[in-house]
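As structure tokens, the structure follows; a few thoughts come after it.
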Amino acid sequence: MLEVTADMRANLVKNLPEQKELSQLAELKSEYEDLCEPEQFGVVMSTLKMLRPRLNGILFKLTFDEHISNIKPDIMSVTLACEELKKSENFKKMIELVLLVGNYMNSGSRNAQSLGFNISFLCKIRDTKSTDQKTTLLHFLAEICEERFPEILKFPDELAHVESASKVSAQSLKSSLDAMEHQIKRLEGDIKNFPKTDNTNDKFVAKMSISFPNAREQYEKLSNMHNNMSKLYDNLGEYFTFDPRAISVEEFYGDLSNFRTLFLDAVKENNKRREMEEKMKRAKIAKEKAEREKLERQQKKKQLIDINKEGDETGVMDSLLEALQSGAAFRDRRKRTPKTSGDHSSATEGNVL
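Just so you know, we're using my numbering here: the sequence shown kicks off at 11 and counts up by one.
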């Protein structure tokens, strides 16, 4: 047997002929065998009482849980984001720091001593760059937080649901809830007005009557959650002095989510820059050390050569001094001198005698 899915039922409701056309098809019941398959299908469908309400009710029952699953997480995301933002002390400190730095930079201008700023301004902080164009005001703020106010660095963790809330359209949420309420009221009316039948196989009213109370209860819970979400967002508008009717949930949390991401990126880039500077510093120290050691080796080598040269001369002088002290330097001369002197003396003496 072919399983009829929710999508198939939705298409069936969408393309269902009007009641007038169904009545005309019902008149062809006697010619059923001569009709083509689509016409035969139309004839069968025309025999069902309140066909469109049946299909709408069945389709609502099949898709109800899916609608709840789509709507509820969005309501929860915005609700939690509102609560987190109101409770985050570190985000408040971040706002104060931005205002303080902004007033300092605007000293002497018409914007000096401002009492506040729009949340959308947070995303524009990175547009203010240093003179060398390498860092931004956001990098500076992140560095101040790292060095002097490390607790402020925790605010991104405290705003965990800001990103998911930025993807929620409050208008779409309200439209979905309104459509759900309309379907529930229509189903309630169809059940009450459904004609009685003797067909024991026709269990539409019985089954819808069982599932309807649960659907109504879940819708009311979801509606209350949505009302609470709207109230929290209105309170944020009063807290941060903005008009919640003029600034949508998507826009407000979109700015906060972007700032949160940009701040985290700035912290990472600061760390990366410091690591690079430290790496360059170590490389410079290593290079200077290598050059110094090379120079020392060259100097030692030169000194060694000079020492060897001086060592040879010193050895000669030492040998000479030793020979002079021991008289060895005169031994050969003394051996020769008596012989020469003796011969001469003998001749002299001979001559004298």
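Ideal placement from N, C-alpha and C gives every residue a C-beta, glycine not left out.
Straight across, the Cα-Cα distance linking E198 with A189 is about 14 Å. Here V54 is exposed. Its C-beta has fewer than 16 other C-beta atoms within 10 Å. Annotated three-state conformation of K139 is strand, per DSSP. When C-beta atoms of the region 86-98 are compared with those of the region 133-142, fewer than three pairs fall below 8 Å, so the two segments do not count as touching.
Cβ-Cβ distances below 7 Å link F70 to Q193 and L197 in the same chain, with the five nearest sequence neighbours on each side left out; the list follows chain order.
A distance of 7 Å or more separates the beta carbons of I78 and S186. Our two residues, F74 and N66, have alpha carbons roughly 12 Å apart in a direct line.
Y42 and L61 have their C-alpha atoms roughly 20 Å apart. Taking the Cβ atoms as the reference, V178 lies roughly 6 Å from V259, within the contact range of under 8 Å.
By the C-beta criterion, the region 207-219 is judged not to be in contact with the region 289-298, since fewer than 3 inter-stretch pairs fall below 8 Å. Apart from the 5 residues on each side of it in sequence, L147 sits with its Cβ closer than 6 Å to the Cβ of I135 and T138 in its chain, given in chain order. Rounded to the nearest whole angstrom, the CA to CA distance from T145 to L274 is 15 Å. The alpha carbon of T57 has as its nearest neighbour, out of K39, L305 and C46, the alpha carbon of K39. For the pair S267 and S176, the CB atoms are nearer than the 7 Å cut-off. The Cβ-Cβ distance between I162 and N237 does not fall below 7 Å.
In the DSSP annotation of this structure, the continuous segment of the alpha helix (DSSP H) that includes K184 starts and ends at A180 to N203. Per DSSP, F214 is one residue of the alpha helix (DSSP H) stretching across F214 to Y249.
In the DSSP assignment, T73 forms no beta bridge with any residue. Burial state of S182 is exposed, judged by a 10 Å Cβ sphere holding fewer than 16 other Cβ atoms. In its own chain, leaving out the 5 sequence neighbours on each side, no residue places its CB closer than 8 Å to the CB of E47.
Residue nearest to F250 within the set C92, E31 and E49 is C92 (criterion: CA-CA distance).
In this structure, V215 keeps its C-beta atom at 7 Å or more from the C-beta atom of F222. In this structure, the alpha-carbon of L169 lies about 23 Å from that of G112. For L32, the closest alpha carbon among the candidates D17, K59 and N128 is that of K59.
Of the candidates M104, R120 and R307, the residue whose Cα lies closest to the Cα of F159 is M104.
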